[in-house]
Every structure is written in structure tokens, then in C-alpha cells.
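Comments concern the structure below.
Protein chains in written order, with the working numbering: chain A, 2 to 142; chain B, 8 to 90.
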């Protein structure tokens with residue numbers, strides 16, 4: 002079976018995803034971008050994670066994190082149908098897919114292995130699909 | 008004069024979660040902290056088996072910068088005063 006992503010000699014990553022895989026990437030990126038606009042309440046805890054739980058975070062730090070996550074997600078939306086990614090674009094894909102995976106887990110209260118095993122089949126399937134993409138992409142970075 | 012607060016060191020702590028692939032954790036550590044793959048793998052395994060690992064220690068501002076970068080990459084991360 003062909004690998005989903007392949008490292009290129011001159012730098013960058015070749016994307017061999019079919020339309021289904023690309024639509025999964027696009028949907029994940031759109032959800033992260035939407036969540037950053039505050040329209041995914043179930044993901045709020047993930048996106049508002051404290052840096053230092055012992056005190057209120059600096060609003061500038063929080064804003065900077067939010068901007069960077071949104072910018073990564075927007076870059077993924079723009080490049081979801083590209084055949085080749087630069088290293089920066091591939092990193093944005095990895096980060097965004099990982100945020101989407103954690104958001105999905107939080108949304109369905111998947112806090113441990115047992116909760117994951119007990120999750121509805123469609124959630125389990127989606128988690129596994131995102132994990133497979135992340136695993137394949139991580140092997141190229 | 009240096010205050011006690013500025014003399015303290017701060018830890019960047021990464022926490023385990025049930026869905027993140029191990030290889031993603033290794034890649035994130037390597038890219039953000041510049042560690043070798045071997046060291047990243049050791050830290051990842053510590054997170055996996057012990058539930059958390061201190062991945063960097065030093066000045067508070069730098070620790071917070073690292074923490075935000077790890078959070079942007081989608082991992083659970085906080086900072087705390089070194090025990």
C-alpha cells in the first residue's frame with residue numbers, strides 16, 4: 002500500500018491522499034478555524050488551556066496562541082488539495098490535525114483508554130482516521 | 008537585587024492523553040526543543056507511562072513561550088515552578 006505522505010528529497014512532503022482523506026483534513030481544519038472563532042463550545046476547554054494553572058494567563062499570550070492556531074488551520078484549508086506541501090505547510094497540517102483530534106476527544110469526553118473504547122463507533126472511527134493521518138505525516142517530518 | 012521569584016526555575020510539563028499518537032509527540036518535541044530523536048522518545052515514553060514529563064526547565068518567560076508552542080501543536084502542556 003502506498004504511503005499517504007512521502008518525504009521529498011529536495012524538502013517538503015508529497016501528499017497521496019484520495020478525496021476522502023483530503024475531505025477529512027479539510028473538515029478538521031475548518032472545525033479548528035471555527036472553534037477559534039468561539040463557534041465550537043465543546044472545544045472551548047482545549048482552546049483555553051491554561052499555560053500556568055496557578056494564575057490567570059496573560060491575555061496577550063492567549064491571543065497569540067489563538068492567532069497561531071487559527072493561522073495554521075487557515076493554511077491547511079488553503080492547501081488541502083495540494084499535491085506537495087512545504088515543510089511549514091506540513092507542520093501546519095500536523096498541528097491542526099492534532100488540535101482537531103484533541104478537540105474531538107474532548108467533545109466526546111474521551112479522557113482515557115476506557116472512554117475511547119466505549120465511544121460511539123462513528124467517534125471511534127473518526128479518531129482512528131485522524132490518528133492514521135497523523136501517524137503517516139509524523140513519519141515524514 | 009534579584010528577587011526570589013526571578014531566581015526560581017520553571018518547568019514545562021507535557022501531559023498524557025489517550026488519543027495522541029506517540030510519533031506525533033516525538034516530532035513535536037524534536038521540532039520545538041531541538042532534542043535528538045532518542046531523547047524525544049525517552050521523554051515521550053515518560054509522558055506515556057507516568058502521565059506527565061518535564062521537558063524543559065529554565066526562565067519563566069522562556070518556559071511560557073515553549074508551553075504555548077507545544078499547545079499550538081495540540082499537546083497538553085503547562086508550566087509550573089520547579090519543585
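From the three backbone atoms N, C-alpha and C, an ideal C-beta is built for every residue, glycine too.
When you compare only the Cα positions, how much space is there between residue i and residue j?
i: residue 80/A; j: residue 90/A; result: 8 Å
i: residue 106/A; j: residue 90/B; result: 31 Å
i: residue 65/A; j: residue 48/A; result: 12 Å
i: residue 58/A; j: residue 4/A; result: 41 Å
i: residue 19/A; j: residue 68/B; result: 43 Å
i: residue 41/B; j: residue 118/A; result: 35 Å
i: residue 71/A; j: residue 37/A; result: 6 Å
i: residue 6/A; j: residue 139/A; result: 9 Å
Quick one: residues in its chain with C-beta nearer than 8 Å to the C-beta of residue i, no 5 flanking neighbours on either side, listed in chain order?
i: residue 87/B; result: 17, 18, 20
i: residue 83/A; result: 16, 90
i: residue 78/A; result: 27, 30, 31, 34
i: residue 39/B; result: 73, 76, 77, 80
Classify residue i: buried if its beta carbon has 16 or more other beta carbons within 10 angstroms, exposed otherwise.
i: residue 114/A; result: exposed
i: residue 22/B; result: exposed
i: residue 97/A; result: buried
i: residue 110/A; result: exposed
i: residue 50/A; result: buried
Of all Cβ atoms in chain A, is any one closer than 9 Å to the Cβ of residue i?
i: residue 78/B; result: yes
i: residue 30/B; result: yes
If you measure from the beta carbon of residue i to each beta carbon in chain B, is any gap under 9 Å?
i: residue 114/A; result: yes
i: residue 92/A; result: yes
Listed from N- to C-terminal order along the chain, which residues in the segment 15-26 of chain B have their beta-carbon within a distance smaller than 9 Å of any beta-carbon of chain A?
17, 24, 25, 26
Listed from N- to C-terminal order along the chain, which residues in the segment 8-39 of chain A have their beta-carbon within a distance smaller than 8 Å of any beta-carbon of chain B?
none
Under 8 Å, CB to CB, which of the residues in the segment 44-61 of chain B have a partner in chain A?
none
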